[in-house]
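**Student:** Each residue of the sequence shown is one higher than the one before, starting from 569 at the first, in our numbering. Have a look at this one before I ask anything.
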Amino acid sequence: MVSKKLRTRSFAAGIAVLALGLGACAGSSGSGDGATSSSGDGGGDLISVGFSQVGSESGWRAANTKSIQDTLTKDAGFDLSFSDAQQKQENQIQAIRSYIAKGVDYIAFSPVVESGWDSVLEEAKQANIPVILTDRAVDSKDTSLYKTFIGSDFIEEGKRVGEWVSDNLGTEPINVVELQGTTGSAPAIDRKEGFADATKDNPNIKIIASETGNFTRAEGKTVMEGFLQAYPDIDVVYAHNDDMGLGAIEAIEAAGKVPGKDIKIVSIDGVKDGMTALSEGKISYIVECNPLLGPDLAKIIKTLHDGGTVEPRIVTHDDAFDQAAAKEALPTRQY
Ligand code: GZL
């Protein structure tokens with residue numbers, strides 16, 4: 569297994585931290601119904617790209633999909649085939665095999681989970697089709713199976729949330745419940761690790777429960793309902809993404825408690841609904857996870873297509889927001 573440090577830690581050599589543009593381009597194509605779609609009629613000197621998306625589980629994913637489809641357009645020189653795997657690895661593997669059969673120039677995907685990719689990535693390598701990982705990592709030992717991994721440092725995101733909780737809420741004993749992302753996914757594994765690292769030395773912080781809400785609002789609400797039944801003295805919810813945090817807010821309010829007062833929520837992503845809840849004080853702190861990877865994916869592909877090389881690990885820049893910062897950022901936020 570590729571060491572966690574290699575997989576997500578920014579390291580001097582082979583790292584480039586990108587300040588992602590927040591603009592979006594005109595036009596979009598592709599479907600979110602699990603079908604594969606193509607933005608162009610192909611042919612000519614368009615660069616053909618097959619993209620396998622995790623699914624449409626969260627506001628973050630919707631913004632990520634929009635960024636990719638808005639950027640890899642025919643006008644920009646791309647013939648994009650796009651598929652939504654509905655959070656199923658077998659659908660992603662099937663989509664990647666279809667892109668290999670189609671003979672695309674490049675394959676890009678966000679792996680729904682870390683493991684189980686070596687075989688299909690080897691097939692792409694044998695077919696001489698370069699693969700680019702966006703958003704999430706794989707744990708393949710053979711890093712020649714992909715050209716680069718562009719995405720946030722999830723361990724760092726978890727650490728930043730943990731440090732804020734420790735500094736701002738952990739000055740007295742607090743019981744924390746954790747809503748984990750999709751089991752086996754890089755963000756869920758790493759955000760859990762980062763938060764635990766940042767809080768383990770604060771004796772006031774006790775993580776009393778931790779379960780997956782699969783990055784969705786509905787499942788986050790259901791898990792939080794269970795937590796509220798089982799634990800009468802919850803002080804803080806650490807949600808691995810805003811959508812599960814928003815689901816937790818629904819459960820907390822349904823239980824007659826006040827989010828941001830009786831129970832504080834901290835989360836990751838920074839999507840509009842999450843930032844709105846933060847500006848209203850229902851969420852207390854958010855570390856951003858920038859989904860606008862389309863422009864950088866396009867640059868990477870064009871660089872490779874022109875015979876250039878790219879860094880093996882490209883870490884995208886993430887900001888963090890408290891209530892005041894959210895109020896200031898919301899009017900101009902692009903997602
Ligand atoms: C993180 C991304 C995660 C988001 C969730 O880069 O993979 O998946 O945090 C999304 O909102 O579902």
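Here a beta-carbon is modelled for each residue, glycine too, at the ideal position from N, C-alpha and C.
Enumerated in chain order, which unbroken segments of the beta strand (DSSP E) with a length of 3 residues or greater are wholly contained in the stretch 688 to 758?
**Tutor:** With a minimum length of 3 residues, the continuous beta strand (DSSP E) runs that stay inside the stretch 688 to 758 are 699 to 702, 716 to 719, 742 to 748.
**Student:** Measuring alpha carbon to alpha carbon, tell me which of Leu872, Phe889, Ile802 ends up nearest Val839.
**Tutor:** For the purposes of this step, residue 839 is taken as the residue at position 271 of the sequence shown. Considering only alpha carbons, the answer is Phe889.
**Student:** Give the DSSP bridge partners of Gly618, in chain order.
**Tutor:** Mapped onto the sequence shown, residue 618 falls at position 50. Answer is Ser649, Ile675.
**Student:** How would you label Lys656, buried or exposed, when you count the other beta carbons within 10 angstroms and need 16 or more for buried?
**Tutor:** Taking the first residue of the sequence shown as position 1, residue 656 is located at position 88. So Lys656 ends up on the exposed side.
**Student:** What first and last residue would you give for the alpha helix (DSSP H) that runs through Ser666?
**Tutor:** The count along the sequence shown starts at 1 and reaches residue 666 at position 98. Unbroken alpha helix (DSSP H) run through Ser666: 657 to 670.
**Student:** When you compare only the Cα positions, how much space is there between Ser616 and Leu796?
**Tutor:** Taking the first residue of the sequence shown as 1, we reach residue 616 at position 48. Taking the first residue of the sequence shown as 1, we reach residue 796 at position 228. Going by the C-alpha atoms only, they are around 49 Å apart.
**Student:** I'd like the list of long-range same chain contacts for Lys832, defined as Cβ closer than 8 Å, with 5 residues on each side in sequence excluded.
**Tutor:** Numbered from 1 along the sequence shown, position 264 holds the residue referred to as residue 832. Hits under 8 Å: Leu737, Asp803, Val804, Val805, Ser852.
**Student:** For Leu860, tell me which candidate among Lys634, Glu896, Gly623 has the shortest Cα-Cα distance.
**Tutor:** If you number the sequence shown from 1, residue 860 lands on position 292. The residue with the shortest Cα to Cα distance from Leu860 is Lys634.
**Student:** For Ile833, verify whether its CB is less than 8 Å away from any heavy atom of ligand 1.
**Tutor:** Translated into the one-based positions of the sequence shown, residue 833 becomes position 265. Not so, every heavy atom of ligand 1 lies at least 8 Å from the Cβ.
**Student:** Which runs of the alpha helix (DSSP H) at least 4 residues long sit entirely within the stretch 825 to 891? Give them in chain order.
**Tutor:** DSSP runs (the alpha helix (DSSP H)) wholly in the stretch 825 to 891: 840 to 847, 862 to 873.
**Student:** Do you know offhand how far Leu590's Cα is from Asp673's?
**Tutor:** As a working mapping, residue 590 is identified with position 22 in the sequence shown. As a working mapping, residue 673 is identified with position 105 in the sequence shown. Here Leu590 scores only 39 on pLDDT, less than 50, and its place in the model should not be relied on; the value that follows carries that caveat. About 27 Å.
**Student:** Going by Cα to Cα distance, which pick from Phe677, Pro827, Gln748 is closest to Gly618?
**Tutor:** Taking the sequence shown and counting its residues from 1, the one referred to as residue 618 is at position 50. Ranking Phe677, Pro827, Gln748 by Cα distance to Gly618 puts Phe677 first.
**Student:** Name the one or two DSSP bridge partners that Ala777 has.
**Tutor:** Walking along the sequence shown from the start, residue 777 turns up at place 209. Partner(s): Val745.
**Student:** Can you give me the C-alpha to C-alpha distance between Lys829 and Asn809, rounded to a whole angstrom?
**Tutor:** As a working note, residue 829 is residue 261 in the sequence shown. As a working note, residue 809 is residue 241 in the sequence shown. Cα to Cα, Lys829 sits roughly 20 Å from Asn809.
**Student:** Can you name the start and end residues of the beta strand (DSSP E) that Val805 belongs to?
**Tutor:** As a working mapping, residue 805 is identified with position 237 in the sequence shown. Val805 -> beta strand (DSSP E) spans 804 to 807.
**Student:** Could you pull the start and end residues of the alpha helix (DSSP H) that Ser635 belongs to?
**Tutor:** For this step, residue 635 is matched to residue 67 along the sequence shown. Note, Ser635: alpha helix (DSSP H), 627 to 639.
**Student:** Give the straight-line distance between the Cα atoms of Ala894 and Gly813, rounded to the nearest whole angstrom.
**Tutor:** Indexing the sequence shown from 1 puts residue 894 at position 326. Indexing the sequence shown from 1 puts residue 813 at position 245. Going from the Cα of Ala894 to the Cα of Gly813 covers about 16 Å.
**Student:** Which residues in the same chain have their Cβ closer than 6 Å to the Cβ of Val706, if we skip the five residues on either side of it in sequence?
**Tutor:** By 1-based counting over the sequence shown, the position of residue 706 is 138. Taken in chain order, the residues that qualify are Pro679, Glu682, Trp685.
**Student:** With distance defined between alpha-carbon atoms, name the residue in Leu846, Gly815, Thr641, Thr750 nearest to Gly794.
**Tutor:** If you number the sequence shown from 1, residue 794 lands on position 226. When each option's Cα is compared against that of Gly794, the closest is Gly815.
**Student:** Which same chain residues, not among the five before or five after His873, have their C-beta less than 6 Å away from its C-beta?
**Tutor:** Within the sequence shown, residue 873 is the residue found at index 305, counting from 1. Only Ile615 meet the Cβ criterion.
**Student:** Alpha carbon to alpha carbon, how far is Phe783 from Ser599? Give it in angstroms, no decimals.
**Tutor:** Along the sequence shown, read from residue 1 onward, the residue named residue 599 stands at position 31. Along the sequence shown, read from residue 1 onward, the residue named residue 783 stands at position 215. Legend: pLDDT at Ser599 = 37, less than 50; position of this residue unreliable, value from coordinates given subsequently. One C-alpha to the other measures close to 21 Å.
**Student:** My output table needs one value for Arg785: the three-state DSSP class, helix, strand or coil.
**Tutor:** To locate residue 785, count along the sequence shown from 1; it is residue 217. The answer is helix: DSSP assigns Arg785 an H, G or I state.
**Student:** Let me know the secondary structure DSSP gives Lys760 once reduced to three states.
**Tutor:** Counting from 1 along the sequence shown, the entry for residue 760 is found at position 192. It is helical.
**Student:** With DSSP collapsed to three states, give me the class of Val680.
**Tutor:** The residue labelled residue 680 in the question sits at position 112 within the sequence shown. Three-state DSSP puts Val680 in coil, outside helix and strand.
**Student:** Between Gly661 and Ala692, how many whole angstroms is the CB-CB distance? I'm expecting something under 8 Å.
**Tutor:** For the purposes of this step, residue 661 is taken as residue 93 along the sequence shown, with counting starting at 1. For the purposes of this step, residue 692 is taken as residue 124 along the sequence shown, with counting starting at 1. According to the sequence provided, residue 661 is Ile. The question's Gly does not apply to it. Ile661 to Ala692, Cβ: 11 Å. No contact.
**Student:** Is any heavy atom in ligand 1 found nearer than 8 Å to the beta carbon of Ile904?
**Tutor:** Any property of residue 904 remains undetermined from this structure, which presents the chain solely from 569 to 903.
**Student:** Throw me the rounded Cβ distance for the Asp811 and Gly627 pair, which I believe falls under 8 Å.
**Tutor:** Position 243 of the sequence shown, counting from 1, holds the residue named residue 811. Position 59 of the sequence shown, counting from 1, holds the residue named residue 627. The Cβ separation is near 6 Å, so the contact holds.
**Student:** May I have the straight-line CA-CA distance separating Arg901 from Leu747, to the nearest angstrom?
**Tutor:** Here residue 901 refers to the residue found at position 333 when the sequence shown is read from its first residue. Here residue 747 refers to the residue found at position 179 when the sequence shown is read from its first residue. The straight-line gap from Cα to Cα measures roughly 26 Å.
**Student:** Among the candidates Asp837, Pro800, Ile869, whose CA atom is the shortest distance from the CA of Asp887?
**Tutor:** As a position in the sequence shown, residue 887 is number 319, starting the count at 1. Checking every option, the nearest Cα to that of Asp887 belongs to Asp837.
**Student:** Going by the CB atoms, is the gap between Val729 and Ile775 shorter than 9 Å?
**Tutor:** In the sequence shown, the residue the question calls residue 775 occupies position 207. In the sequence shown, the residue the question calls residue 729 occupies position 161. No. Outside cutoff.
**Student:** When the Cα atoms are used, what is the spatial distance from Gln891 to Ser712?
**Tutor:** Here residue 891 refers to the residue found at position 323 when the sequence shown is read from its first residue. Here residue 712 refers to the residue found at position 144 when the sequence shown is read from its first residue. Those two C-alpha atoms are separated by around 43 Å.
**Student:** Classify Val733 as buried or exposed, calling it buried when 16 or more other Cβ atoms lie within 10 Å of its own Cβ.
**Tutor:** In the sequence shown, the residue the question calls residue 733 occupies position 165. Buried: at least 16 other Cβ atoms inside 10 Å.
**Student:** Using only CA atoms, which one of Gly788, Asn772, Ala777 lies nearest to Tyr799?
**Tutor:** By 1-based counting over the sequence shown, the position of residue 799 is 231. For Tyr799, the nearest C-alpha among the options comes from Ala777.
**Student:** Determine the closest residue to Glu821 out of Leu846, Ile854, Met792, Asp801, with distance taken between C-alpha atoms.
**Tutor:** Locating residue 821 in the sequence shown gives position 253, where the first residue counts as 1. Nearest C-alpha to Glu821: Met792.
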